[in-house]
Structure formats: C-alpha cells, structure tokens
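Reviewing the structure listed below.
Numbering (the numbering used here), first residue to last: 6 to 197.
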C-alpha cells in the first residue's frame with residue numbers, strides 16, 4: 006500500500022495501481038445544489054456527454070439538474086443493469102458515458118459490469134450514492150453498503166469514496182478512460 010496525493014487530498018492506493026480509497030477525514034456536509042453544480046461542472050469539463058440515471062431519493066435534485074442540462078443527454082432506466090448496456094452502446098457510438106445510480110443498484114449490476122464493461126474494456130464512470138453507511142435509515146441497505154468496497158476490490162474495479170472533496174474526481178476519471186475500464190465513485194450520503 007502506498008500514499009498518493011491528488012489536488013491536496015491524500016489517498017491510499019491499494020492492491021491495483023489505479024485503485025484509490027479516500028482517507029481524507031473532512032466530514033463537512035455540502036448543500037445539495039452546490040454539490041449538484043460541482044458534479045455537473047466536473048462532468049461537462051471532462052467531456053461526459055451521455056448519462057444514464059436511475060431514480061434515488063437523495064439524488065433527485067442532482068438528477069433533475071442533470072436532466073435539465075442541455076449539454077448532457079440523459080436516459081432514465083428502470084433497472085441499473087440496463088444502464089450498463091446503454092452506456093456500452095453510447096461509448097461504442099462515440100459518446101463519453103456515465104451512470105448516476107444508488108449503490109444497491111450497483112450491486113445488482115455486477116454481472117453486467119464484469120461480463121460487458123470489463124471484458125470489452127469499456128470505460129464507464131459510475132457515480133453511485135453509497136447507501137448503508139452514515140445515518141442510514143433503511144436497515145436493508147446496510148449489508149450491501151458495508152460490503153460494497155470489498156466487493157469492488159474483489160472484482161478489481163477501481164473505485165473512490167468521496168465524502169467531501171470533489172476535486173479528486175478529475176484524475177480518477179482520466180484514469181478511467183486511459184485504462185479503458187469502468188470506475189466507480191461512491192458518493193457519501195454526507196454530501197447530500
């Protein structure tokens with residue numbers, strides 16, 4: 006394990022060279038609109054032009070902001086694993102795709118991610134609201150939420166856990182497309 010710094014945020018790099026785990030201890034909630042604006046700016050500044058979205062209570066404001074943005078084409082899906090296929094098709098058609106989903110839906114999508122995105126080296130950035138941690142009110146979300154980092158690690162899917170610093174996403178997403186593989190950003194509920 007080694008330490009890496011990106012934009013003044015310290016990360017531990019574990020197992021794979023491009024797997025980052027946030028160790029920054031800042032625990033400052035940020036207003037929904039500010040976080041939404043920062044995420045949309047990040048997406049647009051980094052050329053993401055195609056998004057797959059899935060409804061989520063805490064992400065609803067962000068989902069509405071993204072869907073209202075004319076520079077990002079969005080496709081709402083009814084199952085997250087559908088979104089994996091839609092993003093793969095968008096990438097093959099020349100788009101730069103991302104998904105915005107809940108972490109429970111990420112769990113449902115592991116087979117599609119492994120058999121399609123990883124096998125064919127299709128870079129999709131998956132932004133997932135990390136449920137089951139930090140003041141979770143639905144106990145059914147806890148088992149997967151707690152196990153998710155280990156599951157991503159076991160599947161060798163690079164991921165980052167973002168609790169307060171959104172600046173680090175730029176280098177992480179650049180790695181996503183440089184290496185031609187899916188990357189996951191776990192967005193802490195502390196952000197929303």
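Quick reminder that beta carbons are idealized off the backbone N, C-alpha and C, glycines included.
Residue j beta carbon less than 7 Å from that of residue i
i: residue 59; j: residue 89; result: no
i: residue 174; j: residue 47; result: yes
i: residue 110; j: residue 85; result: yes
i: residue 195; j: residue 168; result: yes
i: residue 197; j: residue 63; result: yes
Proximity winner among the options, relative to residue i (alpha-carbon distances)
i: residue 65; options: 186, 48, 133, 87; result: 133
i: residue 49; options: 63, 161, 71, 188; result: 71
i: residue 87; options: 126, 63, 116, 40; result: 116
i: residue 193; options: 178, 153, 183, 122; result: 153
i: residue 40; options: 171, 120, 113, 104; result: 171
i: residue 61; options: 104, 159, 42; result: 104
Close Cβ partners of residue i (< 7 Å) along its chain, the five nearest in sequence each way excluded
i: residue 150; result: 108, 135, 136, 137, 138, 141
i: residue 91; result: 57, 80, 82
i: residue 45; result: 70, 71, 74
i: residue 157; result: 164, 189
Beta-ladder partner(s) of residue i, from DSSP
i: residue 71; result: The partner list for residue 71 (beta bridge, DSSP) is empty, contrary to what the question assumes.
i: residue 133; result: 106, 191
i: residue 142; result: Partner(s): none; residue 142 has no beta bridge.
i: residue 165; result: 190
i: residue 147; result: Its beta-bridge partners do not exist; DSSP assigns none.
i: residue 56; result: 79, 103
Endpoints, alpha helix (DSSP H) assigned at residue i
i: residue 94; result: 85 to 97
i: residue 174; result: 174 to 183
Bounding residues of the beta strand (DSSP E) (the contiguous stretch that carries residue i)
i: residue 78; result: 78 to 81
Residues of its chain near residue i, where Cβ-Cβ distance is below 6 Å and the 5 sequence neighbours each way are ignored
i: residue 102; result: 55, 92, 95, 96, 129
i: residue 68; result: 58
i: residue 127; result: 93, 96
i: residue 51; result: 178
Beta carbon proximity, residue i to chain C, threshold 7 Å
i: residue 192; result: No chain C is part of this structure, which consists of one protein chain only.
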